[in-house]
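Chains as they are written, first to last, in numbering that gives the first Met the number 0: chain A, 0 to 184; chain B, 0 to 408.
We put the CB at the ideal spot given by N, CA and C, even for glycine.
Below is one structure, written out as structure tokens; comments come after it.
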Amino acid sequence: MKRITYVSAILALLVFSGCSTKAPTIDATANGSASNSSANQASGTAQSSTGADSAVIAPLTNANAADTNSNANGSVNAAKGVTSILFDYDKFDIRADMQENVKTNSALVKNKTFKLEGNCDEFGSDEYNFALGLKRANAVKSALVNEGISADSISMTSLGEGNPVCLEKTQECWAKNRRVDLKLP
Amino acid sequence: MRYWILFILSIITLWGADTTLEVTKTVGVLPKFVIEDGSTFSGAETQKFHKMLSADMKVISLFDVDDSYATQSFESLQPSLTHKEAGYILRYRLLDDGAGGFKAEVKLLQNSLELFNKTYLLKQREMLVFLSHSIAYDINIKMGGAPLEWMKRKVLLVRLSSARHSEIVAADYTLAYQKVILSGGMYGFAKWANREQTDFYYTSLSDFKPTIYKGNLASGKKHAITSSDGMAVCSDVSEDGSKLLLTLAPGGQPDIYLYDLVINEKKRITDYSGIDVNGQFMGSDTIAFVSNRFGNPNIFSKKINSTAITQLVYEGKNNSSFTTYRNLLVYKTRDGNGFNLRLASLNSSGSRQLTSSGDNDYPRFSYDGEAILHIKQEGSRSLVGIIRVGINKSFTFPLHVGRIQSLDW
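Have a look at this one:
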């Protein structure tokens with residue numbers, strides 16, 4: 000009987016004491032949509048913004064149709080002939096299957112000035128994601144310079160997650176957004 | 000047998016202990032709290048104000064807030080018929096001041112006794128939610144709650160509206176107030192330039208080269224600070240506002256620079272061939288930053304005038320954004336559930352998970368370290384998250400249009 004009491008006490012302690020939980024206890028949502036607001040405060044380029052209480056609109060209202068139709072999937076842009084270079088997740092080295100696209104591009108942009116735009120998928124809006132886009136652009140620049148293109152003819156920028164060509168939540172879509180676009184004037 | 004019990008008790012106690020980071024406060028049953036409209040006119044605005052106050056009172060977390068709307072004479076010491084069970088009554092009376100603003104009279108009642116009363120004047124009625132924040136702030140002080148200075152501050156955010164288009168928006172922490180202060184281009188990384196929130200820095204990606212500008216909220220005037228091929232971001236502002244930590248990338252190489260606004264000179268302070276970004280001041284002579292020097296993005300620190308690097312985080316993957324306050328560090332990390340935020344102490348090992356759902360990014364401590372602002376993505380929805388570390392509670396407020404790229408407060 001005594002033994003049963005001890006065992007019961009131990010089990011009760013284990014059940015009720017537990018260990019310190021690392022998970023947050025609450026992830027509550029206060030009703031912030033108290034809140035439709037339209038605003039006008041003193042400032043130069045003022046606009047107002049309103050939001051419907053329950054309406055949730057897609058994060059970005061549209062993808063970049065021009066880039067979608069042209070070169071974002073690694074296929075040839077009919078208008079300019081240049082091709083986007085695609086990258087793996089969190090990588091900025093040029094994949095083996097993109098080497099041919101770089102060569103094709105180098106022939107098309109020779110003796111022209113152009114811009115390389117690095118783009119990223121939606122995983123992170125922080126500076127690191129922007130830097131990743133830039134390192135991708137820089138990798139393409141180095142590859143083009145190796146193909147004989149003058150470094151002085153190339154400018155670069157990173158647009159981070161801000162210029163998606165695809166908005167679906169799929170691996171294929173995210174892969175299309177991890178790219179460098181060549182922009183001819 | 001009793002030794003076994005003692006042994007097991009010791010194991011349980013030691014296992015459960017988290018001497019550095021246990022921040023949970025045990026709270027008993029909270030008193031019921033109601034909000035009543037005592038305005039002489041009752042319309043959309045007074046009812047909207049009721050919702051705003053309800054949201055603020057929930058964030059205060061001192062009460063069990065019943066957010067049902069009811070009216071009652073402002074002078075009465077009794078609750079309305081529908082609020083008979085209330086422990087506390089917050090009653091307000093909004094009055095049109097005839098000049099585009101409001102006069103608000105507020106009182107807090109308990110057991111027919113008046114605990115608090117105050118009159119507020121609001122010049123711009125579109126900023127009604129800030130009046131609600133001020134009232135909540137005062138009630139919190141009256142009731143002895145944890146500091147809530149952050150509640151009254153403006154949040155500066157960049158909202159991506161469509162591909163290649165974004166806007167800089169000044170908002171309150173609930174996003175009830177939103178005012179577009181810059182639009183028509185592509186912008187990123189907006190950051191307050193001073194504690195008074197009169198000026199701000201931002202990156203324009205519409206220029207030939209990414210350019211950092213400083214803008215003034217009241218006048219709308221701006222001037223360029225610096226630009227760089229590839230990338231230019233103002234990551235942090237020193238406490239006195241005289242120095243900036245920038246990420247610049249001349250030649251395509253992102254590194255951290257210290258920019259002295261007094262002499263308008265910049266100095267490179269990291270030179271790794273991979274990615275060094277997101278410098279944050281830690282006192283006057285040290286910075287923390289994100290680098291991929293060990294393969295994945297992680298958090299490091301260094302003295303400004305030294306080349307020695309110290310790794311600050313030893314767990315998690317893709318630790319690509321962070322914020323610090325004194326000896327506390329909150330960082331983003333990738334786990335099985337997506338991207339979550341963790342809190343660590345710089346003086347000890349171990350960490351504590353702060354979020355458990357969605358993809359969480361861009362943490363920013365408030366000036367007093369009491370709360371952490373961050374971006375939360377839930378599917379296609381973008382939200383502002385507030386974590387009150389001291390009481391272990393978090394709240395989210397959805398953005399109805401667009402996606403949040405960055406925020407600051």
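Taking C-beta to C-beta, are residue i and residue j nearer than 8 Å?
i	j	result
residue 296 of chain B	residue 329 of chain B	no
residue 277 of chain B	residue 127 of chain A	yes
residue 116 of chain A	residue 182 of chain A	yes
residue 28 of chain B	residue 65 of chain B	no
residue 102 of chain A	residue 156 of chain A	no
residue 48 of chain B	residue 56 of chain B	no
residue 125 of chain A	residue 320 of chain B	yes
residue 212 of chain B	residue 203 of chain B	yes
residue 359 of chain B	residue 378 of chain B	no
residue 271 of chain B	residue 300 of chain B	no
residue 201 of chain B	residue 167 of chain B	yes
residue 251 of chain B	residue 136 of chain A	yes
residue 134 of chain B	residue 105 of chain B	yes
residue 179 of chain A	residue 139 of chain A	yes
Give me the residue from the options with the minimum Cα distance to residue i.
i	options	result
residue 306 of chain B	B:267, B:186, B:151	B:267
residue 342 of chain B	B:315, B:335, B:357	B:315
residue 347 of chain B	B:336, B:337, B:327	B:327
residue 209 of chain B	B:166, B:216, B:185, B:95	B:185
residue 101 of chain B	B:85, B:122, B:107	B:122
residue 158 of chain A	A:129, A:152, A:90, A:175	A:129
residue 253 of chain B	B:334, B:240, B:275	B:275
residue 282 of chain B	B:380, B:303, B:197	B:303
residue 350 of chain B	B:335, B:311, B:293, B:38	B:311
residue 168 of chain A	B:392, B:380, B:299, B:394	B:380
residue 160 of chain B	B:179, B:214, B:153	B:179
residue 133 of chain A	A:81, A:82, A:80, A:86	A:86
residue 162 of chain B	B:196, B:187, B:148, B:150	B:187
residue 131 of chain B	B:96, B:70, B:46, B:201	B:46
residue 214 of chain B	B:207, B:238, B:182, B:337	B:182
residue 138 of chain B	B:127, B:114, B:313	B:114
residue 153 of chain B	B:147, B:129, B:136, B:134	B:129
residue 298 of chain B	B:313, B:284, B:285	B:313
residue 264 of chain B	B:284, B:242, B:273, B:39	B:242
residue 325 of chain B	B:176, B:280, B:356	B:280
residue 233 of chain B	B:196, B:127, B:192	B:192
I want to verify the contact list: residues of chain C whose CB lies under 8 Å from the CB of residue i, in sequence order.
i	result
residue 277 of chain B	Chain labels in this structure do not include chain C; the protein chains are A and B.
Assuming residue i is part of the beta strand (DSSP E), what are its boundary residues?
i	result
residue 158 of chain B	154 to 161
residue 101 of chain B	101 to 109
residue 328 of chain B	327 to 334
residue 265 of chain B	264 to 267
residue 397 of chain B	392 to 398
residue 275 of chain B	275 to 280
residue 94 of chain B	87 to 95
residue 301 of chain B	297 to 302
residue 191 of chain B	186 to 191
residue 64 of chain B	63 to 70
residue 249 of chain B	Unbroken run through residue 249 of chain B: none, as it is neither H nor E.
residue 115 of chain A	113 to 117
residue 35 of chain B	31 to 36
residue 233 of chain B	231 to 236
Between residue i and residue j, how many whole angstroms is the CB-CB distance? I'm expecting something under 8 Å.
i	j	result
residue 407 of chain B	residue 245 of chain B	About 15 Å separates the two Cβ atoms, so there is no contact after all.
residue 261 of chain B	residue 190 of chain B	Their Cβ separation, rounded to whole angstroms, is 19 Å, which puts residue 261 of chain B and residue 190 of chain B out of contact at 8 Å.
residue 165 of chain B	residue 352 of chain B	With a Cβ gap of about 31 Å, residue 165 of chain B and residue 352 of chain B do not count as contacting.
residue 219 of chain B	residue 248 of chain B	In fact, because the Cβ distance is near 29 Å, the residues do not count as touching under 8 Å.
residue 68 of chain B	residue 36 of chain B	7 Å
residue 317 of chain B	residue 292 of chain B	Not quite, the Cβ-Cβ distance comes to about 14 Å (not below 8 Å), so this is no contact.
residue 309 of chain B	residue 364 of chain B	With 8 Å as the limit, residue 309 of chain B and residue 364 of chain B do not qualify as a contact, their Cβ atoms being about 20 Å apart.
residue 375 of chain B	residue 382 of chain B	4 Å
residue 357 of chain B	residue 337 of chain B	7 Å
Which first and last residues belong to the alpha helix (DSSP H) in which residue i is found?
i	result
residue 46 of chain B	43 to 59
residue 135 of chain A	126 to 145
residue 106 of chain A	98 to 108
residue 173 of chain A	170 to 176
residue 128 of chain B	127 to 141
Measuring only from the beta carbon, is residue i closer than 7 Å to any heavy atom that is part of the ligand GTP?
i	result
residue 118 of chain A	Because no ligand of any kind appears in the structure shown, any question about the ligand GTP cannot be addressed here.
(message) Quick check: the stretch 44 to 64 of chain B against the stretch 84 to 95 of chain B, are at least 3 beta-carbon pairs closer than 8 Å?
(response) yes
(message) Whether or not the stretch 103 to 122 of chain A and the stretch 153 to 171 of chain A are in contact is what I'm after, with contact meaning three or more pairs of Cβ atoms, one per stretch, closer than 8 Å; do they touch?
(response) yes
(message) For the pair the stretch 382 to 394 of chain B and the stretch 354 to 370 of chain B, tell me if three or more CB-CB distances fall below 8 Å.
(response) yes
(message) When you compare the stretch 164 to 172 of chain B with the stretch 72 to 89 of chain B, are there three or more beta-carbon pairs, one atom per stretch, that lie closer than 8 Å?
(response) no
(message) Three or more C-beta pairs under 8 Å: does that hold for the stretch 106 to 116 of chain A against the stretch 213 to 226 of chain B?
(response) no
(request) Spell out a yes or no on whether the stretch 133 to 143 of chain B and the stretch 399 to 406 of chain B are touching, meaning 3 or more CB-CB pairs, one atom from each, closer than 8 Å. (result) no
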